[in-house]
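Counting from 1, position 61 in the sequence shown corresponds to residue 60 in numbering that gives the first Met the number 0; the numbering is continuous, with no gaps. Every residue gets a Cβ at the ideal spot worked out from N, C-alpha and C, and that includes glycine. Treat the numbers as computed from the prediction; the structure is a model and nothing was measured.
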Amino acid sequence: MITVLRLGHRFERDKRISTHICLTARAFGADEVVFDVRDERVEDSVKRITDEWGGNFKVNFTENYKDFIKNFDGVRVHLTMYGLQVNDIIREISDKVSKRKNLLIIAGGQKVDAEVYFLTDYNVAIGNQPHSEVAALAVFLDKFFEGKETQKKFNGKIEVIPKAQGKEVLKKANI
Ligand code: SAM
């Protein structure tokens, strides 16, 4: 089970980027995203996409994210440019996840509370330059799955037929 904890969602500004966190988590092999701020607009748009495109991806909410991190039964990774380089640590993380089963990946938005840097097992950097939580999450999951996650089957009502030119979509139900 792979859970992404998305911290610091700002209701007025972050609807699109938090939706992208969810869609990226889903497409790249995570099972759920947990928010510390409830935003039904994000939940509804992710649910609509999951209904059509398949899979069991869930959006959930925690009232106390620090307790959520402390009580998480598995390996806890915080994505931050201040962490260890992903290429140096990804094998060790994968080995631990294969023993402990569950993986928590924390992605920030606005400034992450300093305590989070100590509540996790690993602070992991995708390069030590600042960029985006969506990019960091995608690259981390791609390295974790060694690129295989992009072949995952979702068994949705709609499926893309890959083409070099043009667009082809298979619709398996009335949508
Ligand atoms: N100072 C932040 C940091 O600690 O990475 C950058 C803030 S950035 C706007 C928001 C989120 O993107 C961060 O909380 C982190 O999860 C992710 N992020 C940005 N750059 C990253 C990097 N180089 N490596 C890993 N995660 C990164």
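Pairing V115 with I125 gives a Cβ-Cβ distance that is not under 8 Å. In terms of CA proximity to H19, V58 leads the group I1, M0, V58 and G53. Between the region 151-163 and the region 47-56, the count of Cβ pairs shorter than 8 Å is three or higher; the stretches touch. With a cutoff of 8 Å on beta-carbon distance, V33 and F10 are scored as not near each other. Using a cutoff of 7 Å, the CB of Q128 counts as near the ligand SAM, since one of the ligand's heavy atoms is closer than that. Per the DSSP secondary-structure output, I157 pairs in a beta bridge with K170. Using a C-beta cut-off of 8 Å, the region 129-142 makes no contact with the region 35-42, since fewer than three inter-stretch Cβ pairs fall below that distance. Of the heavy atoms belonging to the ligand SAM, none sits nearer than 7 Å to the Cβ of Y121. Of the other Cβ atoms in all chains shown, fewer than 16 fall within 10 Å of the Cβ of I160; this residue is therefore exposed. Straight-line spacing of the CA atoms in N70 and N101 works out to 12 Å. Scanning the region 27-63 for uninterrupted alpha helix (DSSP H) segments of 4 residues or longer gives 39-52, listed from N- to C-terminal end.
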